[in-house]
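This report concerns only the one structure given below.
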Amino acid sequence: MQKASTGARLVRAFFCLFSLLLPVHETALASGGPPARVVVPTTPGGAASLQAEYLAEAMWRPGGQAWIVDHRSGFGREAGEAVVARSPADGQTLLLASASLAVRAASPPTGSGFDPTRELKPVIHLSSTPLVLAVHPAVPVTSLEQLLALARGQKYRLEVAASSAAGLDGLAAAMLLPPVAAARISIRRGESAALRALTGGQVDAMFVAAPLAVAHVAAGRLRPLATTAASRHPVLAALPTLANPSRDFVGNQWYGLFVPAGTADEVVADVHARVRQTLRAESVVSFFSDRALVPGSDDPAALGALLRQDMARYAAMIRRAGLVL
Numbered sequence: 000m001q002k003a004s005t006g007a008r009l010v011r012a013f014f015c016l017f018s019l020l021l022p023v024h025e026t027a028l029a030s031g032g033p034p035a036r037v038v039v040p041t042t043p044g045g046a047a048s049l050q051a052e053y054l055a056e057a058m059w060r061p062g063g064q065a066w067i068v069d070h071r072s073g074f075g076r077e078a079g080e081a082v083v084a085r086s087p088a089d090g091q092t093l094l095l096a097s098a099s100l101a102v103r104a105a106s107p108p109t110g111s112g113f114d115p116t117r118e119l120k121p122v123i124h125l126s127s128t129p130l131v132l133a134v135h136p137a138v139p140v141t142s143l144e145q146l147l148a149l150a151r152g153q154k155y156r157l158e159v160a161a162s163s164a165a166g167l168d169g170l171a172a173a174m175l176l177p178p179v180a181a182a183r184i185s186i187r188r189g190e191s192a193a194l195r196a197l198t199g200g201q202v203d204a205m206f207v208a209a210p211l212a213v214a215h216v217a218a219g220r221l222r223p224l225a226t227t228a229a230s231r232h233p234v235l236a237a238l239p240t241l242a243n244p245s246r247d248f249v250g251n252q253w254y255g256l257f258v259p260a261g262t263a264d265e266v267v268a269d270v271h272a273r274v275r276q277t278l279r280a281e282s283v284v285s286f287f288s289d290r291a292l293v294p295g296s297d298d299p300a301a302l303g304a305l306l307r308q309d310m311a312r313y314a315a316m317i318r319r320a321g322l323v324l
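Listed below in structure tokens is the structure:
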């Protein structure tokens with residue numbers, strides 16, 4: 000029998016190798032396409048980052064799409080929301096933002112110069128959660144009233160940490176502390192840095208997003224005093240609420256996904272459907288529930304309405320209080 004030439008053997012080897020590669024190629028196509036970039040406009044370690052990292056794992060399942068989480072905590076054109084707004088409107092770059100987006104846009108004199116209602120398109124409201132007013136265990140108070148009395152006194156200089164002056168926690172602190180109080184707001188670089196300062200005893204108090212607070216409270220590293228929820232939260236049922244019809248105050252922190260404003264509606268619908276399916280998985284529902292995260296509305300329009308409502312509400316609050324954030 001005549002032996003095959005070297006060329007023939009190479010041809011057969013090529014076709015064998017090609018046939019092995021075909022299933023891999025088909026799997027890649029069926030996996031949801033190239034990875035999407037999810038921009039989080041904060042430093043790592045915050046509540047938005049917590050959800051982005053978890054959802055990135057949950058989305059990357061058989062038939063799912065990989066997410067790459069990109070933290071952008073800059074300012075101006077380098078802020079995460081501005082980076083997303085300038086990105087291609089193809090559904091491959093998303094913004095995971097919080098209610099702090101509304102605070103920044105509403106801050107005087109002209110806000111951040113970025114109008115998220117014009118430059119971004121809502122995809123889905125992921126979750127809402129209260130902020131927890133918490134103190135270091137060494138602070139000699141067990142209630143909001145005692146904390147305010149301490150702040151108004153002359154013997155104790157209260158220091159409250161915040162992740163950003165123009166964030167929801169910074170606004171909450173500014174609204175709570177009396178203007179004449181012996182107190183100051185200490186701005187740290189991001190939620191995780193502010194929380195480290197609180198648990199380490201460098202500051203006295205902070206408005207902590209509930210998903211970050213629950214573990215520290217359970218471990219005795221923080222003493223919770225109240226929440227910003229409109230009513231008592233199931234996971235934090237023992238805590239009173241700061242909501243009061245007679246005074247302005249912030250509500251829940253919310254989290255949502257946005258894409259560049261020019262993104263086609265059918266692309267938004269596709270991204271929305273994928274994320275909604277992931278959010279309904281039993282493991283994801285449990286993850287959110289255990290961390291005091293309440294699922295948001297399925298309707299993208301509802302997220303857009305919430306953003307506009309909060310921008311108007313926080314602008315009015317800031318104006319009435321004469322705050323400069």
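Each residue of the sequence shown is one higher than the last, beginning at 0 in numbering that gives the first Met the number 0.
Every residue gets a Cβ at the ideal spot worked out from N, C-alpha and C, and that includes glycine.
- Between V267 and A164, the alpha-carbon positions lie close to 32 Å from each other.
- Secondary structure note for E77: it is in no alpha helix (DSSP H), with a DSSP letter that is neither H nor E.
- Taken through DSSP and simplified to helix, strand or coil, F113 comes out as coil.
- Apart from sequence neighbours up to five positions away, the residues of its chain that approach I186 with a beta-carbon distance below 6 Å are A161, A164, ordered along the chain.
- By the neighbour-count criterion, in which 16 or more other beta carbons inside 10 Å mark a residue as buried, I317 falls on the buried side.
- V159 is positioned such that its CB atom lies no closer than 9 Å to that of I123.
- In the displayed model, Y254 falls within a strand according to three-state DSSP.
- For the options G45, Q91, N251, the alpha carbon positioned closest to that of R273 is the one of Q91.
- Annotation: the continuous alpha helix (DSSP H) that includes V216 extends over 209 to 217.
- With contact defined as three or more Cβ pairs closer than 8 Å, the segment 73 to 89 and the segment 219 to 232 are not in contact.
- For S185, the uninterrupted beta strand (DSSP E) run begins and ends at 182 to 186, by DSSP.
- For R318, the uninterrupted alpha helix (DSSP H) run begins and ends at 299 to 320, by DSSP.
- Under DSSP, no beta-bridge partner is assigned to H271.
- Residues of the same chain with a CB within less than 6 Å of the CB of L241, apart from the 5 flanking positions on each side, are A225, T227, F248 in chain order.
- Counting only unbroken stretches of 3 or more residues, the beta strand (DSSP E) elements lying wholly within the segment 32 to 99 are 35 to 39, 66 to 70, 92 to 97, in sequence order.
- In the structure shown, S162 adopts coil according to DSSP, grouped into three states.
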